[in-house]
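J.: Residue numbers for the sequence shown follow my numbering, so the first one is 861 and each next one is one higher.
Just so you know, even glycine gets a beta-carbon here, dropped at the ideal spot from N, CA and C.
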Amino acid sequence: MTQKLLLALFVSLFFSCQKEDQSIDYTDWSHYGGPADGSRYSSLDQINKSNVSSLEIAWTYQTGDATERSQIQCQPIVKNGILYGTTPGLDVFALDAATGKEIWRFDPFEVLGGENSWAGTNRGVSYWDNGVEQRILFGAGNWLMAVDANSGKPILSFGNQGKVDLRKGLDTEREDFLIVANAPGVVYKDFLIIGMRLSEGLDAAPGHIRAYNIITGQLEWIFHTIPHEGEFGYDSWDPNYISQIGGANNWAGMTVDHESGTVFVPTGSATYDFWGGYRNGDNLFANSLIALDANTGERKWHFQAVHHDIWDRDFPANPNLIRIQKDGKWINAVAQISKQGMTYVFDRNTGEPIWPIEEKLVTQSTLPGEFSSPTQPIPSLPEPFMNMNFEEKDILNLKPEWKEDIQNQLSNALFGDAWLPPNVEKPIVLFPGMDGGGEWGGAAFDPETQLFYVNANQIPWLIEMKPNAEFENVGHAVYTNYCGNCHGLERKGNPPTIPSLLEIREKYDQDSLDRLIAKGRGAMPAFDHISQENRKVLVDYLLGNSTGGDKQEIEGENTPLNPRYYMNGYKKLLTKEGLYGSNPPWGLLTAIDMQTGLKKWQIPLGEIDSLTAQGIPQTGTENYGGPVVTAGGILFIAATKDEKIRAFDKLTGEKLWEAPLPASGHATPAVFEKDGRQFLVITCGGGKGTKSGDSYVAFALPEN
């Protein structure tokens, strides 16, 4: 062999070794996002392109507690051959990962003692091991809890008898907030660092990031995402109201770089989401990716993707820690997807963008009292993973009657500008819609190929603003404050996802409706934080028993602020038949080359059988839950509303396999090996307008 060939071989082997982060075990699936870097990549290759078509169901575990409109959004984790997950009712369980046999199951309300009967959705649990004991930590509503990983018994020495109330310790006088620990916290040494889902109204808690001692449950540090006076970023808010503003929270999960001791925290918008008259300025650290010292909570660097957000453009998923080769050198980077369909990539250590990000002029708000940002940051690369705007040519035209329907709905609407601000005179088209673009399933990164994979919704939504007029009765005012965002000011909802409340008296009486509002159910949060007087007024108003009295000061309110304008309910742009108002594809799966920032391939994700039967090509579907990628050459993803899981060639996007599921897999799969056999597990909880389910389904190659 010549010296040149030897040198070439050495260089090839050297760079091959440098691709993967050598500190990460890519056979491990014990974190939110799979391995510790959140890459959703597995180096297992027993299942590969040559045999994936032979996959069969290895086991199924049914939780038995699904209800109407319930969901399971959990990405299960696997450690020491045990799979940990959650049920629709928020029980936590452990299974033998090879057989699906239940080892233990824990009902958190045995510890909570009925203190809160609503826990919302849950996307996973966290595992901790100090070499002596192992713990599972998870959120149930506003409670952070810890159980023994081997027995499922609560750790009574953790916090107060095994639980910590996340409503406390926010450096604020109030403690009656709506808080849901929906995404699992991240483990760093003996700390659990956690965010929370909050109300999207002006009654919201501040979304501060906190670290708790996993052994004791004591608060170790807090980072104020809404800065206190004297802190960095305080001058980006209106000082007259900053103490009464909430949000800027992390509901999407985080990722820890254990080598540098950095936790990367994506945040959402500040409240009120669609009219920001009380929060003039850019509003740091809302809509930001924040790099914090995981030991102390001190800020290392930050990037704000949306200044003064009035579109609900939260960062929707935990970031991926990636190693990419650019201009001949390897870079430790962090990649963050967005609802807008863009990906932001930074040097992990410095926060410098890998590709230039330019502040560009955008359309300004005309709502009185609102002062929107004159510019917004737009990355030059990577390329967007979906269309970035909705124009006349994008109106659904598969059939003339569908096109006419959508055109009629848009006859008085504003569209054609990705940064159109909400308008009180005309509705605007928000594209991509409030569910993205990118969503909470997150992206996957393959260190072997440098390809980055992300699925997206490509669906238009409508935003319609209404002035906060002098309501005829206080019941209407209470309803608007707490229910109007979801169910709309006319109470029509957005069926089947958000039910109409117009006929609610046919299903509930005074007592049962009061219990529902106080305790919550399914995706509806508990409103036990509002006063009993206001709850009675709300019940009377919804049942039509009383007008609630003349307009007056609302008793029991915890904040004097009410938006000058309200958004009139979450609404997708749909035909009468329920089809999306844009031309397909409505669901997309995209591969981006992170060496160049350019798309490698892009395909529709999902299928609507009734349209296929009419000869309409694959349209893609709405999708929730993310992809995983493996060294076997395969990308796996469920997510779609058509109740299937699929395998694609990771280099080309060619479909290699698909299988039906008992309900839609609105979650991210887990990939692991036990007893020499590789498994793929997907949570099948349905919801999001599809039938609810209660299954975890494991696939593997035949044992023989």
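(1) Taking the alpha carbon of glutamine 882 as the point to measure from, which residue in Ser1103, Asp1117, Ile1074, Leu1062 has its own alpha carbon closest?
(2) Can you check whether the CB of tryptophan 1446 is closer than 8 Å to the CB of threonine 1479?
(3) Hey, proline 1287 and isoleucine 1323: beta-carbon distance below 8 Å or not?
(4) What is the rounded straight-line gap between the Cα of asparagine 1345 and the Cα of tryptophan 1135?
(5) In the structure shown, what three-state DSSP assignment does tryptophan 1262 receive?
(6) Is it right to say alanine 1558 is buried, meaning 16 or more other beta carbons lie within 10 angstroms of its own, or is it exposed?
(7) Among the candidates Phe1508, Asp1295, Asp1008, whose CA atom is the shortest distance from the CA of alanine 954?
(8) Between the Cα of alanine 1071 and those of Leu972, Leu1152, Leu1016, spot the shortest distance and give me the residue it belongs to.
(9) State the CB to CB distance for the pair valine 1123 and isoleucine 1053, rounded to an integer number of angstroms; the pair is presumed to be in contact (CB under 8 Å).
(10) If you reduce the DSSP assignment to three classes, tell me which class asparagine 1422 lands in.
(11) Run through DSSP, which three-state label would glutamate 1332 get?
(12) What does tryptophan 1097 pair with, by DSSP beta-bridge criteria?
(13) Select from Ser1391, Arg1537, Asp1174, Leu1221 the residue whose C-alpha is nearest the C-alpha of leucine 1058.
(14) Pick helix, strand or coil for glycine 1344, following the three-state DSSP scheme.
(15) Tell me the rounded alpha-carbon separation between glutamate 1563 and lysine 961.
(16) Straight-line CA distance for alanine 1146 to asparagine 1422?
(17) If you measure between the beta carbons of tyrosine 987 and serine 914, is that distance less than 8 Å?
(18) Return the first residue and the last residue of the alpha helix (DSSP H) that isoleucine 1377 is part of.
(19) In angstroms, rounded to a whole number, what distance separates the CA positions of glycine 1301 and glycine 893?
(20) Could you spell out where the beta strand (DSSP E) holding leucine 1471 opens and where it closes?
(21) According to the neighbour-count rule (16 or more other Cβ atoms, all chains shown, within 10 Å of its Cβ), is valine 992 buried or exposed?
(22) Mind checking serine 1232: buried by the 16 CB within 10 Å criterion, or exposed?
(23) Note the first and the last residue of the continuous beta strand (DSSP E) segment covering valine 1314.
(24) What span of residues does the beta strand (DSSP E) with valine 1123 cover, start to end?
(25) Just tell me which of Glu1230, Thr1210, Ile1238, Gly1211 has its CA closest to the CA of glutamate 1219.
(26) Considering only residues of the stretch 940 to 1014, which uninterrupted alpha helix (DSSP H) runs meet the minimum length of 4 residues and lie entirely inside it, listed in chain order?
(27) Candidates Asp989, Gln994, Ala1000: which alpha carbon is nearest arginine 983's?
(28) Give me the DSSP bridge partner(s) of methionine 1384.
(29) Would you mind stating whether histidine 1168 and aspartate 1142 have Cβ atoms separated by less than 8 Å?
(30) Can you check DSSP and say which residues form a bridge with phenylalanine 1508?
(31) So which of Leu1403, Ile1039, Ile932, Phe1051 has the shortest CA-CA distance to aspartate 1064?
(32) Check whether the stretch 1108 to 1115 and the stretch 1092 to 1099 are in contact - that is, three or more C-beta pairs closer than 8 Å.
(33) Check the C-beta distance from serine 1129 over to aspartate 1172 and give it rounded, since I have them as a contact under 8 Å.
(34) From the DSSP output, in three-state form, read off asparagine 1564 for me.
(35) Using a 10 Å radius around the Cβ and a threshold of 16 neighbouring Cβ atoms, would you call phenylalanine 1092 buried or exposed?
(36) For aspartate 1174, which of helix, strand or coil comes out of DSSP?
T.: In terms of the structure at hand:
(1) Nearest option by C-alpha distance: Asp1117.
(2) Result yes, Cβ atoms of threonine 1479 and tryptophan 1446 sit closer than 8 Å.
(3) Cβ distance < 8 Å, so proline 1287 and isoleucine 1323 count as in contact.
(4) The alpha-carbon atoms of asparagine 1345 and tryptophan 1135 are separated by roughly 12 Å.
(5) It is helical.
(6) Classification of alanine 1558: buried, given that the 10 Å Cβ count is 16 or more.
(7) In terms of CA proximity to alanine 954, Asp1008 leads the group Phe1508, Asp1295, Asp1008.
(8) Checking every option, the nearest Cα to that of alanine 1071 belongs to Leu1152.
(9) That belief holds up - the Cβ atoms of valine 1123 and isoleucine 1053 are roughly 5 Å apart, short of 8 Å.
(10) Correct three-state label for asparagine 1422: coil.
(11) Annotation note: pLDDT 48 at glutamate 1332 (below 50); position unreliable, no value reported.
(12) When DSSP reads this structure, tryptophan 1097 sits in no beta bridge, so it has no partner.
(13) In terms of CA proximity to leucine 1058, Asp1174 leads the group Ser1391, Arg1537, Asp1174, Leu1221.
(14) In the three-state reduction of the DSSP assignment, glycine 1344 falls in the helix class.
(15) Each residue's Cα considered, the two are about 18 Å apart.
(16) So the two alpha carbons sit approximately 20 Å from each other.
(17) Going by C-beta atoms, tyrosine 987 is not nearer than 8 Å to serine 914.
(18) Unbroken alpha helix (DSSP H) run through isoleucine 1377: 1370 to 1379.
(19) Approximately 9 Å between the Cα atoms of the pair.
(20) Counting along the chain, leucine 1471 falls outside any beta strand (DSSP E), though it belongs to the alpha helix (DSSP H) covering 1469 to 1473.
(21) It is exposed - the Cβ of valine 992 has fewer than 16 other Cβ atoms within 10 Å.
(22) With 16 or more other CB atoms across the displayed protein chains lying within 10 angstroms of its CB, serine 1232 is buried.
(23) 1311 to 1317 is the extent of the beta strand (DSSP E) around valine 1314.
(24) Boundaries of the beta strand (DSSP E) around valine 1123: 1122 to 1126.
(25) Its Cα nearest to that of glutamate 1219, the residue Ile1238 stands out among Glu1230, Thr1210, Ile1238, Gly1211.
(26) Complete alpha helix (DSSP H) runs here, min 4: 969 to 972.
(27) Cα-wise, what sits closest to arginine 983 is Ala1000.
(28) Answer is Arg1381, bridged to methionine 1384.
(29) Histidine 1168 places its beta carbon less than 8 Å from that of aspartate 1142.
(30) In DSSP, phenylalanine 1508 forms a bridge with Leu1495, Lys1515.
(31) Sequence inspection shows alanine at residue 1064; the aspartate mentioned does not correspond to that position. Minimum Cα distance to alanine 1064 is reached at Ile1039.
(32) They do not touch, by the three-pair rule.
(33) Confirmed, Cβ separation roughly 6 Å.
(34) Coil, per DSSP.
(35) Exposed, since its Cβ has fewer than 16 Cβ neighbours within 10 Å.
(36) When DSSP states are grouped into helix, strand and coil, aspartate 1174 belongs to the coil group.
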